[in-house]
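Undergrad:
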Amino acid sequence: MGEFQRIRPFKILAVVMVTIAVVLTVASLAGHDWVRTSFYDGKVQSWGLWWKCFKVHSSFQMCVSSGWLSACAAMVFLSLISNVVATGLGVWGLCAKRRLPYVLAGAMCIISGACQLLSVVIYPIMFTHEIRSNPDNKTETSTFSFAWTYGIACGTIFFVLGASVFFLIRLRDEDDAQPMKSSHEKPTFYTT
73 MGEFQRIRPF KILAVVMVTI AVVLTVASLA GHDWVRTSFY DGKVQSWGLW
123 WKCFKVHSSF QMCVSSGWLS ACAAMVFLSL ISNVVATGLG VWGLCAKRRL
173 PYVLAGAMCI ISGACQLLSV VIYPIMFTHE IRSNPDNKTE TSTFSFAWTY
223 GIACGTIFFV LGASVFFLIR LRDEDDAQPM KSSHEKPTFY TT
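Using my numbering, the first residue of the sequence shown is number 73, and each one after it goes up by one.
1. By a C-beta neighbour count over all protein chains shown, 10 Å radius and 16 as the cutoff for buried, is W119 buried or exposed?
2. Just reading off the beta strand (DSSP E) that W119 is part of, what are its end residues?
3. Can you list, in chain order, the residues of its chain with a C-beta nearer than 8 Å to that of I224? Leave out the 5 residues immediately preceding and following it.
4. So W164 is in the alpha helix (DSSP H); what residue range does that whole segment cover?
5. Could you have a look at R171 and say whether DSSP puts it in helix, strand or coil?
6. Relative to the alpha-carbon of F216, which residue among V107, N206, F82 has its alpha-carbon at the smallest distance?
7. Taking just the CA atoms, how far does I84 sit from S236?
8. Considering only the beta carbon of each residue, do I92 and F238 sit closer than 9 Å?
9. Taking C-alpha atoms, which residue in V148, H201, S205, K169 lies nearest to V192?
10. Go through its chain and collect everything with a Cβ distance to I182's Cβ below 6 Å, but skip five positions before and after it.
11. Can you tell me whether S205 is buried or exposed, with buried defined as 16 or more other CB within 10 angstroms of its CB?
12. Could you have a look at R242 and say whether DSSP puts it in helix, strand or coil?
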């Protein structure tokens, strides 16, 4: 008979979740629809992490401060880097069957979740403050709402924090893991 190796379903699930988080973070970072702003003249403009100004009409240009916008973009980018590192550490942990890569991947996921959380909290607070505090922006802007890439950024937090929990779960007994047959022999329930 062949040897049995132990696989950790929580660790595999954690790697899958953090890989999904990488894809979602790239989408939220590259997307230009964090906020959709409607103006009284009927024009609708999307606003993302990379544009601080846009021209509403020939006599008015709407701008926000670049400091907080750059900070939000940097936090999302740092979250992306942390997610990629956590994915690599998770795959390394699956191959090496050691606990240290899982702990490091869990820590990277926590860092990523904190960065992403900061960006999705700072962005709406500062954007709302900038729009409502400037009288020119207030008179031109009819409504604004947070769009799909902002929602993706919020959803990424759940995947990353879920992955961190699964990376950091420690099973007390080796018998709790699912056995996996690693030989190339036919299973015993086949008949020839």
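Built from N, CA and C at the ideal position, the CB exists for glycine as well. Treat the numbers as computed from the prediction; the structure is a model and nothing was measured.
TA: By the coordinates alone:
1. buried
2. 116-119
3. Sequence-distant partners of I224 (beyond 5 residues in either direction) whose C-beta falls short of 8 Å from its own C-beta, in its chain, are L96, A99, S100, G103.
4. 138-168
5. coil
6. V107
7. Using only the alpha carbons, I get a separation of about 12 Å.
8. no
9. V148
10. Around I182, the same chain offers S236 as residues with beta carbons nearer than 6 Å, after the five sequence neighbours per side are excluded.
11. exposed
12. Three-state DSSP puts R242 in coil, outside helix and strand.
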